[in-house]
Each structure stands twice: as structure tokens, then as C-alpha cells.
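Numbering (this note's numbering), first residue to last: -6 to 376. Don't be surprised by glycine CBs; every beta carbon is placed ideally from N, CA and C. The structure appears right after this line, and notes come after that.
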Ligand code: PMP
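Okay, structure coming up:
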């Protein structure tokens, strides 16, 4: 049986692989507490559910739309970009996708050739590296500086393309305007194109999120920005995202998307517009902040784990190097012995760290999972 070299040379995406294992355990009747990804326990905003219900009840034919999405949908997303992100954009610069993930693949495909280098700050969302592997690209992993300055950037290797994730998964860092300005100057100086993933734009606990494209000449540099409804509106499984790209890149992305999915489903496009019209879901952010603080309070005095307080996002990022550097084995044993799934830092480019998605299930389940994690770590520390 022949399997493509490109696939054989790539590892399955660590997050979806772990999630698949959790589902398999659950299908066998085992109760697993899943911190490995961030699936919100909230429902999508009611205007979205209303819009979708109305569209179904009106028995709209739901035609194939143009590959990039229906014109009124793209216009509405342009209005969101002007309103929330300070980016004036045209409809031919928008492409609606099945989540930010599809947009990432298409943008990387459209902007590179095999062998090109892609600079990725670590820790990183695992899909950046896996997608590079699938496309035969060379990821260059660089530690994410606490502060982005001209000096920290001058120490980075040159690359054909740079991926920026703002707000950042998993550290929760929200880049300030100075940092975005330094990044813009630097990518211009080295002639790199950029993909900016702003999937967590609505999940800040305080610092104002600023879009990179609002701070630079994004059309001239070649900047693609990715947006997602998954985290902003608790709509992970709906697969709603879109990209903003200079017209030439948007058109190249359509060339790729056409034969794969053509347009996303029309119903999903109705939901995309309704979702991005909803703005920040403050009640959700408030509860996430509360949960974040409860977990941090519980683990603050552990001698074997240091966890910093994230400014945004659904993850906590813990340094467990005082206990182990083999976090893959740690995660395996935690799942087998305590029924708790986490992401080992290995998959995010940093063994010795763990990532906890703290927004799943109810608070009781969250704290029970944390209690089991702490008991497990304490046992290892006592050995
Ligand atoms: N970007 C980042 C940084 C993410 O963490 C995720 C999902 N966890 C995505 C994109 C995926 O977004 P979507 O569900 O829209 O594909």
C-alpha cells in the first residue's frame, strides 16, 4: 500500500490525536477529564442560533456560493474588520473557511514553496509545525521573547515567512502596539511575508488586542490574518473562520480551496456573519477569568510547577521542569492513572511544560481534574 512521503514524514497533529484518544476512552465508558484542548462549555450566542434557525425555517435553498463566500457575507466581515480591528478591507480580500485551521493551511500553501523557511515562536500551537511538515516547509523554532524589541528580533534567523499568534496560545501573551511595530519593521527589513493568527482576539482579560494589519502596510508586506469563531463564540464544532489577505494571495487561496471544499456551507456562512456581529462575550470572559484564578490559587504553592497568570485565552501554561522534562510520559501516565488529559509541552515545542485547557465542563469537574493532577505530581515529587 502506498502512502505519500509527505504524509509519512509528518506526525498526526498532537492535539487532535490526544482528543481522539480521549473520545476512544469515553466510548469505552471511561470518564476522562479533558484539559487537552479548549472546548467551551458555553452555548453559542442566541443571535447566531436565531439566524441559523431562521435560515433553515425560511427553507432557503442554500446554494453553492462563490468559493470565497457570498458577497454579502464578505462585506459584512469587512464591516467587522473596520469596526473592531481598524482595518479597512475590500470583499475580494476576504475568504471564508472551515475554521482558522483551513485558512492556515491555504495561506501557507499559497505563500510558500517546498523548502521555504517559516519562523515560529515557541511555545506554539501544534498545527503550525504539523502544517509546515505536510507542505515540505522548514519550521525554524525560536523562543518567544517576553518582550519583542528590535534587539530580540535581530537575534532571530531570517525566514521566508513568519507566523505570529496574537493573542498567543498557550502563554496568553497579548502583543502591544510597540511590539507589533517592531515586528512590522523587522519583517519588512528581512523581506518575510507574515501569517497572523488572531483566533483569540476576543479572549483578552484586560490588555487591548491590536491587529497586526492595523499597524503596518499589510498589502505591501504580504500579511494574511486568520480569524475564528471557535473560541470567541464557543462554536468550535461549527468550523467557522475567515482570512484577510492581499487580493493576489486571497485569489491563490481560492485556487486551492475550490477543488477541496469549494465554498463553506451556506448555513455556516449565515452563522459566521451572525457570530462576528456579536462582538466580545463579556460574561464568558468573566467566567474564564474566574476559573483561571481558581486554578492558579490552587496550584500557587506547588514546589514542582510554576504557572504564570495568562492575560488572555483558554489555557494555562505550567513549567514542570522541577519534576520532569519528559512531559510526554507524564501526560501518558496522568491519563492512564488519573483519567486526566493534558497537552505535553513537547507538542508545543517545549518539553518540560504542560498546557491545561481550563474552559471545558463545569467548575466542579475542572477543580476535580486539577486535584487529580496535583495529587499525581505530588506522588512523583515524593518518589
Ligand atoms: N489558532 C489557534 C492559535 C488555535 O489555538 C486554534 C484552535 N485551538 C485555532 C487557530 C483553530 O481555530 P478553528 O477552530 O477556527 O479552526
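Between the C-alpha atoms of residue 53 and residue 18, what's the straight-line distance to the nearest angstrom? Locating residue 53 in the chain shown gives position 60, where the first residue counts as 1. Locating residue 18 in the chain shown gives position 25, where the first residue counts as 1. The straight-line gap from Cα to Cα measures roughly 40 Å.
Tell me whether residue 67 is buried or exposed, calling it buried when 16 or more other Cβ atoms sit within 10 Å of its Cβ. As a first step, residue 67 must be located in the chain shown, where it is residue number 74. So residue 67 counts as buried.
Within the same chain, show all residues whose beta-carbon is closer than 7 Å to that of residue 254, passing over the 5 residues directly before and after it, in chain order. Against the chain shown, residue 254 aligns to sequence position 261. Correct list, in chain order: 91.
Distance, Cα to Cα, residue 379 vs residue 164? Here the chain has residues from -6 to 376 only, and residue 379 is not among them.
In chain order, what residues of the same chain lie with their CB nearer than 8 Å to the CB of residue 370, ignoring the 5 residues before and after it? Reading the chain shown from its first residue, position 377 is the one you call residue 370. Excluding residues within five positions, the ones whose Cβ falls inside 8 Å are 295, 297, 298, 313, 316.
Between the C-alpha atoms of residue 318 and residue 341, what's the straight-line distance to the nearest angstrom? Counting from 1 along the chain shown, the entry for residue 318 is found at position 325. Counting from 1 along the chain shown, the entry for residue 341 is found at position 348. Straight-line Cα distance between these residues: approximately 14 Å.
Measure the C-alpha to C-alpha separation of residue 240 and residue 86 and round it to an integer number of angstroms. Numbered from its first residue, the chain shown carries residue 240 at position 247. Numbered from its first residue, the chain shown carries residue 86 at position 93. Using only the alpha carbons, I get a separation of about 5 Å.
Enumerated in chain order, which unbroken segments of the alpha helix (DSSP H) with a length of 4 residues or greater are wholly contained in the stretch 316 to 351? 320 to 331
Indicate the three-state DSSP secondary structure (helix, strand or coil) for residue 220 in the structure shown. Working through the chain shown from its first residue, we reach residue 220 at position 227. Residue state, collapsed to three classes: strand.
Would you list, in sequence order, the uninterrupted alpha helix (DSSP H) runs of no fewer than 4 residues that lie entirely inside the stretch 130 to 176? Complete alpha helix (DSSP H) runs here, min 4: 143 to 147.
Going by C-alpha distance, which of 227, 191, 336 is nearest residue 74? Translated into positions along the chain shown, residue 74 becomes position 81. Minimum Cα distance to residue 74 is reached at 191.
Using the beta-carbon count (16 or more within 10 Å), is residue 22 buried or exposed? Start at 1 with the first residue of the chain shown, and residue 22 comes out as number 29. Burial call: exposed.
So, with DSSP's three-state summary, where would you put residue 277? Taking the first residue of the chain shown as position 1, residue 277 is located at position 284. In the structure shown, residue 277 sits in a helix (DSSP, three-state: H, G or I).
Is residue 94 near the ligand PMP, in the sense that its beta carbon is under 6 Å from a heavy atom of that ligand? The residue labelled residue 94 in the question sits at position 101 within the chain shown. Yes, the beta carbon of residue 94 sits closer than 6 Å to at least one heavy atom of the ligand PMP.
Provide the residue span of the beta strand (DSSP E) that contains residue 115, from first to last. One-based indexing of the chain shown puts residue 115 at position 122. 110 to 115 is the span of the beta strand (DSSP E), which, as asked, contains residue 115.
Which listed residue (138, 355, 322) has its alpha carbon closest to that of residue 346: Within the chain shown, the letter at position 353 stands for residue 346. Among 138, 355, 322, the Cα nearest to that of residue 346 is on 322.
Leaving out five residues before and five after residue 275 in sequence, what residues of the same chain have Cβ atoms less than 7 Å from its Cβ? Taking the chain shown and counting its residues from 1, one reaches residue 275 at position 282. Taken in chain order, the list of residues that qualify is empty.
So, for residue 358: in the same chain, excluding its five sequence neighbours on each side, which residues have a beta-carbon less than 7 Å away from its beta-carbon? For the purposes of this step, residue 358 is taken as the residue at position 365 of the chain shown. Around residue 358: 26.
Would you grab the beta carbon distance between residue 225 and residue 259 for me? Rounded to a whole angstrom, and I think it's under 8 Å. Indexing the chain shown from 1 puts residue 225 at position 232. Indexing the chain shown from 1 puts residue 259 at position 266. Under the criterion of beta carbons closer than 8 Å, residue 225 and residue 259 do not qualify as touching, at roughly 21 Å.
Need the endpoints of the beta strand (DSSP E) that residue 186 sits in, please. Within the chain shown, the letter at position 193 stands for residue 186. Segment 186 to 190, the beta strand (DSSP E) holding residue 186.
Would you check if the distance between the CB atom of residue 349 and the CB atom of residue 289 is smaller than 7 Å? Working through the chain shown from its first residue, we reach residue 349 at position 356. Working through the chain shown from its first residue, we reach residue 289 at position 296. Their beta carbons are not under 7 Å apart, which means residue 349 does not touch residue 289 by this criterion.
Pull up the CB-CB distance for residue 336 and residue 9, whole angstroms please, since I reckon it's below 8 Å. Translated into positions along the chain shown, residue 336 becomes position 343. Translated into positions along the chain shown, residue 9 becomes position 16. For a cut-off of 8 Å, the C-beta gap from residue 336 to residue 9 is around 11 Å, too long to register as a contact.
Within 6 Å: the Cβ of residue 231 and any heavy atom of the ligand PMP? Your numbering for residue 231 matches position 238 in the chain shown. Checking every heavy atom of the ligand PMP against the Cβ of residue 231, none is found closer than 6 Å.
beta-carbon residue 85 near the ligand PMP non-hydrogen atom, thresh 6 Å: Along the chain shown, one-based indexing puts residue 85 at 92. Checking every heavy atom of the ligand PMP against the Cβ of residue 85, none is found closer than 6 Å.
What first and last residue would you give for the alpha helix (DSSP H) that runs through residue 201? By 1-based counting over the chain shown, the position of residue 201 is 208. Where residue 201 is concerned, there is no enclosing alpha helix (DSSP H), because DSSP gives it neither an H nor an E.
Taking the C-alpha atoms as reference points, what is the distance between residue 80 and residue 70? Here the question's residue 80 lines up with position 87 in the chain shown. Here the question's residue 70 lines up with position 77 in the chain shown. When rounded, the distance between both Cα atoms is 11 Å.
Should residue 310 be counted as a contact of the ligand PMP given a C-beta to heavy atom distance under 6 Å? Walking along the chain shown from the start, residue 310 turns up at place 317. Checking every heavy atom of the ligand PMP against the Cβ of residue 310, none is found closer than 6 Å.
Who does residue 313 pair with in a DSSP beta bridge? The count along the chain shown starts at 1 and reaches residue 313 at position 320. For residue 313, which the question treats as bridged, DSSP gives no partner whatsoever.
Could you spell out the range, first to last residue, of the alpha helix (DSSP H) harbouring residue 269? Taking the first residue of the chain shown as 1, we reach residue 269 at position 276. Looking at the DSSP string, the run of the alpha helix (DSSP H) that includes residue 269 is 259 to 269.
Considering only the alpha carbon of each residue, which of 280, 159, 56 lies closest to residue 398? With the chain covering -6 to 376 only, the question about residue 398 has no answer from this structure.
Can you tell me where the beta strand (DSSP E) holding residue 48 begins and where it ends? As a first step, residue 48 must be located in the chain shown, where it is residue number 55. Here residue 48 belongs to no beta strand (DSSP E); instead the alpha helix (DSSP H) covers 39 to 50.
In terms of residue numbering, what span does the alpha helix (DSSP H) encompassing residue 123 cover? As a working mapping, residue 123 is identified with position 130 in the chain shown. 119 to 127 is the span of the alpha helix (DSSP H), which, as asked, contains residue 123.
CA-CA distance, residue 188 and residue 24? Start at 1 with the first residue of the chain shown, and residue 188 comes out as number 195. Start at 1 with the first residue of the chain shown, and residue 24 comes out as number 31. Cα-Cα distance, rounded: 38 Å.
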